[in-house]
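Position one of the sequence shown corresponds to residue 1 (the UniProt record's numbering), numbered consecutively onward.
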Amino acid sequence: MEVRSFTVEAKEHLQRQGLPGTVNPADQAIIASKLMGTVAQADVDIGQRVSEGELLITLSAGEIEAQVEQAEARLAQLTRNLEREKALLAQRATTAESVRTLEDEIRLAQARLLEVQTMESYISIRAPYDGIITTKKVRRGDLAIPGVPLLTIEGIGSLEVHVQVPDSLMPLPYGAEVNLMAKGIPEKARLVEWSPAADPASRTRLAKLELPEETTLRSGQYVRVDWPVKTTLSIWIPESALSLMGQMERIFTIEDGRAELRLIKSGLRENSMVQVLAGLEAGEQVVMSPTRQLKDGQQIIVTP
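Right, dumping it as structure tokens:
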């Protein structure tokens with residue numbers, strides 16, 4: 001019987017460990033108020049797309065508006081007083097010290113006006129960038145408290161996979177490509193951020209992997225991250241050389257022009273190749289695509 005053969009070689013193989021990861025937006029903002037006030041308007045909804053600078057929430061804070069008016073009136077009064085004092089100084093009816101004092105008071109009044117105007121700007125809460133509203137924890141009439149989350153916005157654009165990597169695993173250089181698997185579909189990502197210190201409780205470090213723009217993954221989705229562990233030498237044979245005999249895996253090696261049945265233990269399968277964990281050594285020859293008619297000890301002729 002004529003057969004084709006394959007000479008077994010030991011090849012370097014990169015072992016990987018599967019780690020759970022989650023898809024996250026590269027940009028995510030938790031929106032909170034910077035001052036206390038009643039929510040007068042919060043018309044955005046979950047899932048709504050918003051543009052940078054778009055009004056999201058308006059607070060009712062009449063006391064802030066009153067402080068702005070008071071600061072403006074104070075500055076206007078001091079400005080008039082300064083003009084009058086300068087006129088009197090020209091007539092030598094007042095002192096230069098009085099003018100300098102008013103100038104100092106005006107600078108303080110300008111600073112106060114800027115302060116309350118800044119506080120007034122906090123009444124209107126706007127989108128920091130283009131995005132989508134993903135959570136909403138506020139309604140009209142609620143009391144907004146500084147630092148308490150009101151909305152969450154996810155930026156429209158790039159996505160990342162966040163994965164906690166055991167500190168015992170090998171670190172990767174920035175830009176390294178990492179294989180992912182999501183619902184049986186392979187993906188690739190690139191390492192863009194790596195926590196310099198491990199969490200003392202879990203002994204893991206956060207790694208962020210940037211997904212390509214054309215990815216089909218979505219925020220919140222679970223993925224398996226195949227993190228490289230180490231490179232080892234292992235035996236690989238074509239998948240076509242392997243056949244099953246009940247629950248046992250077998251191949252045929254070639255010994256002195258005859259087929260020799262050999263039971264093996266297989267491991268990983270990649271690119272139509274099978275990793276052999278036991279039962280075969282480098283340098284041996286195996287029969288490619290053995291037929292059912294091939295028997296143990298049968299004489300064979302190896303063809304190119």
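Where a beta carbon is used, it is the ideal one built from N, C-alpha and C, also for glycine. Please read these numbers as outputs of a predicted model, since none were measured by experiment.
Leaving out the 5 sequence neighbours to the left and right, which residues in its chain are closer than 6 Å to GLN48 when beta-carbon positions are compared?
-> ILE133
Could you tell me how far apart the beta carbons of VAL276 and SER289 are, in whole angstroms, since I believe they sit closer than 8 Å?
-> About 17 Å separates the two Cβ atoms, so there is no contact after all.
Whole angstroms is fine: what's the gap from ARG262's alpha carbon to SER240's?
-> 15 Å
Which class does MET181 belong to by DSSP, given the choice of helix, strand or coil?
-> strand
Whole-number beta carbon distance between ALA71 and ALA109, since they are thought to touch under 8 Å | 7 Å
In the structure shown, what three-state DSSP assignment does ASN271 receive?
-> coil
From this set, GLY297, GLU281, ASP296, which residue's C-alpha is nearest ALA10's C-alpha?
-> GLU281
Three-state secondary structure assigned by DSSP to GLU154 | strand
Would you kindly work out how many angstroms separate the C-alpha atoms of ILE57 and GLU160, rounded to a whole number?
-> 28 Å
Three-state secondary structure (DSSP) of ASP226 | strand
Secondary structure of MET248, DSSP reduced to three states = strand
Nearest to GLU115 by alpha carbon, out of ARG80, ILE64, ALA96, VAL148?
-> ILE64
Check whether the region 151-159 touches the region 25-42, taking contact to mean three or more Cβ pairs, one atom from each stretch, closer than 8 Å.
-> yes
Contact check, SER219 vs PRO25 under 8 Å by CB: the rounded distance?
-> 5 Å
Taking Cβ to Cβ, would you say LEU113 is nearer than 8 Å to LEU75?
-> yes
Taking only runs that begin and end inside the UniProt domain "CzcB-like barrel-sandwich hybrid" (29-143), name each unbroken beta strand (DSSP E) of 3 or more residues, in chain order.
-> 37-41, 55-60, 124-126, 131-136
Report the three-state DSSP secondary structure of GLU9 (helix, strand or coil).
-> strand
Could you round the C-beta distance between TYR122 and LEU35 to whole angstroms and report it? I think they count as a contact, below 8 Å.
-> 5 Å
Length of the line joining the Cα atoms of ARG224 and LEU244 = 30 Å
Do you know offhand how far GLY283's Cα is from ARG292's?
-> 25 Å
For ALA198, name the three-state secondary structure that DSSP assigns.
-> coil
Roughly how many angstroms lie between the CA atoms of ASN271 and GLY131, to the nearest whole one?
-> 40 Å
Do you know offhand how far VAL50's Cα is from VAL44's?
-> 9 Å
Reducing DSSP to helix, strand and coil, say where GLU214 ends up.
-> coil
Quick one: what's got a C-beta closer than 8 Å to ILE185's C-beta in the same chain, skipping five residues either side?
-> THR216
THR303, enclosing beta strand (DSSP E) - first and last residue | 301-303
Can ALA189 and LEU211 be called in contact, C-beta distance under 8 Å?
-> yes
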